[in-house]
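Report on one structure; see the data block that follows.
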Amino acid sequence: MELCEIDHELVTNPIYQALCTCFLFSSLFGMVASVPIIRSMSKMSIFHPNLKMLIYFMIFYTAAYSAIIFCTMLHSFFYVLTYNSKCDLVFEVYKCIWSFIPNTWCLSGMCLTQGFISFERHISAVYADKYEYSGKRFGYALAVLNIMLPTLLTIFGLRDLKFTGDMLTICLAIPPSASNTANQLFILLIIIELLSLLIYSYDYRYNKCLLKTGDYTLAKRFQTFENISVIKLCLPLTLAHFFLTATYLSTTVYLRTRMHSIDPVIYRLLCAAVYVVPYYVAFQNLFLLIIVFQQQKEREKADAQRVSSLQPDKSRSIYFTELENQWNSTITRKK
Numbered sequence: 022m023e024l025c026e027i028d029h030e031l032v033t034n035p036i037y038q039a040l041c042t043c044f045l046f047s048s049l050f051g052m053v054a055s056v057p058i059i060r061s062m063s064k065m066s067i068f069h070p071n072l073k074m075l076i077y078f079m080i081f082y083t084a085a086y087s088a089i090i091f092c093t094m095l096h097s098f099f100y101v102l103t104y105n106s107k108c109d110l111v112f113e114v115y116k117c118i119w120s121f122i123p124n125t126w127c128l129s130g131m132c133l134t135q136g137f138i139s140f141e142r143h144i145s146a147v148y149a150d151k152y153e154y155s156g157k158r159f160g161y162a163l164a165v166l167n168i169m170l171p172t173l174l175t176i177f178g179l180r181d182l183k184f185t186g187d188m189l190t191i192c193l194a195i196p197p198s199a200s201n202t203a204n205q206l207f208i209l210l211i212i213i214e215l216l217s218l219l220i221y222s223y224d225y226r227y228n229k230c231l232l233k234t235g236d237y238t239l240a241k242r243f244q245t246f247e248n249i250s251v252i253k254l255c256l257p258l259t260l261a262h263f264f265l266t267a268t269y270l271s272t273t274v275y276l277r278t279r280m281h282s283i284d285p286v287i288y289r290l291l292c293a294a295v296y297v298v299p300y301y302v303a304f305q306n307l308f309l310l311i312i313v314f315q316q317q318k319e320r321e322k323a324d325a326q327r328v329s330s331l332q333p334d335k336s337r338s339i340y341f342t343e344l345e346n347q348w349n350s351t352i353t354r355k356k
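In structure tokens form, the structure reads like this:
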């Protein structure tokens, strides 16, 4: 079957259009949800400045990734609605570099940011005394690495990319010429996330042991509670991303080994169906949104309790007012 015929049958398939619609709305939610998360995070003072900087990077990468998915889906729907010939629905690689290259960069950034967060919390736990006096220099160093390394990983993963010869059904897809090197990149990202999980597990046990040592220094106990809170926040995200990415990668590799024995349209449908990363981004932002709102409610509750504790007790006020009235009336009678 000719490529134009295959892609035309694919993009007009109701299942494929339903999957693209799901990508569209999940990415839209990912973009919209990032705004209240950033606003609420800026008001939270329970996290170390270096940690907040990394969390901002994580939100930035997920928001940028969602924006790329959203624009790519709109681009795809536009051509489906306005095409004149079937070959209008396939794109040369150089016309899609605006989509799949930034998409790979953001995906690498999301994985690396979670790794940097686990590393930053590990350093803050093991070197607690020195870390508080180091200021933001360590955070700035991680921020620079968090921009440079995703760029290097993107170059590594797309190093065999050819701008001519390959045709894409959707601009989000990795071109066939770079599929093998992209698989190497995905495996590397899975290893990074696996290391993050191991570091989180070790740090959780380490901080739990610190609480049992009986050290009641206020600064150390606050930092220990902060570490445990961050682990509880980031561990589910890293765990979910690890399993979803591993599932996507292993399924994609399996499908590529069987692609010559599967109908081309069904093969592309299956590849689209196992692309679960946009759903993870929506889940991550929903999870962060819930955590932020819970923190906001707890802060408002604490502020209300603090205000009520500063207000005078009404019963005591009534008691002393009555005593004052009796005293004044007694003085008046004596006069």
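Taken in order, the sequence shown gives residues 22 to 356; the numbers are from the working numbering. Just so it is clear, CB atoms sit at the ideal spot from N, CA and C, and this is done for glycine as well.
Residue i - DSSP class collapsed to helix/strand/coil
i	result
isoleucine 193	Going by the sequence as given, residue 193 is leucine instead of isoleucine. The answer is coil: DSSP assigns leucine 193 none of H, G, I, E or B.
methionine 188	strand
phenylalanine 68	coil
glutamate 153	coil
glutamate 30	helix
glutamate 23	coil
leucine 40	helix
leucine 95	helix
valine 251	helix
Extent of the continuous alpha helix (DSSP H) run through residue i
i	result
isoleucine 168	158-178
tyrosine 288	285-294
serine 200	200-233
asparagine 105	First-last for asparagine 105: undefined, no H or E at that position.
valine 297	Taken as a continuous stretch (DSSP letters only), valine 297 belongs to no alpha helix (DSSP H), as it is neither H nor E.
arginine 142	118-147
Test item: CB-CB of residue i and residue j under 8 Å
i	j	result
glycine 186	glutamine 205	no
phenylalanine 68	glutamate 247	yes
proline 299	serine 47	yes
leucine 174	serine 120	no
phenylalanine 112	methionine 188	yes
isoleucine 59	isoleucine 80	yes
cysteine 127	methionine 94	no
glycine 160	asparagine 71	yes
leucine 408	histidine 29	Past the boundaries of the shown model lies residue 408; the chain is included only from 22 to 356, so the question cannot be answered.
isoleucine 312	leucine 232	no
leucine 218	phenylalanine 264	no
methionine 74	alanine 149	no
leucine 290	leucine 276	no
leucine 182	alanine 199	yes
tyrosine 82	phenylalanine 184	no
leucine 307	proline 57	no
threonine 273	leucine 31	no
serine 55	alanine 84	yes
Cβ-Cβ separation, residue j to residue i (assumed contact under 8 Å), whole Å
i	j	result
glycine 51	alanine 303	5 Å
asparagine 34	isoleucine 89	With 8 Å as the limit, asparagine 34 and isoleucine 89 do not qualify as a contact, their Cβ atoms being about 23 Å apart.
asparagine 167	phenylalanine 78	5 Å
leucine 210	proline 171	That belief does not hold up - the Cβ atoms of leucine 210 and proline 171 are roughly 10 Å apart, past 8 Å.
glutamate 214	glutamine 305	13 Å between Cβ atoms; not a contact.
cysteine 117	cysteine 25	With 8 Å as the limit, cysteine 117 and cysteine 25 do not qualify as a contact, their Cβ atoms being about 16 Å apart.
alanine 203	isoleucine 212	With 8 Å as the limit, alanine 203 and isoleucine 212 do not qualify as a contact, their Cβ atoms being about 15 Å apart.
Any non-hydrogen atom of the ligand NAD within 7 Å of residue i CB
i	result
tyrosine 300	In the structure shown, the ligand NAD is absent, as is every other ligand, since no ligand is present at all.
With three or more beta-carbon pairs closer than 8 Å as the criterion, would you say the region 142-150 touches the region 213-224? yes
Between the region 291-303 and the region 256-274, do three or more beta carbon pairs fall short of 8 Å? yes
Count the C-beta pairs between the region 281-292 and the region 249-262 that are closer than 8 Å, then say yes if the count reaches three, no if not. no
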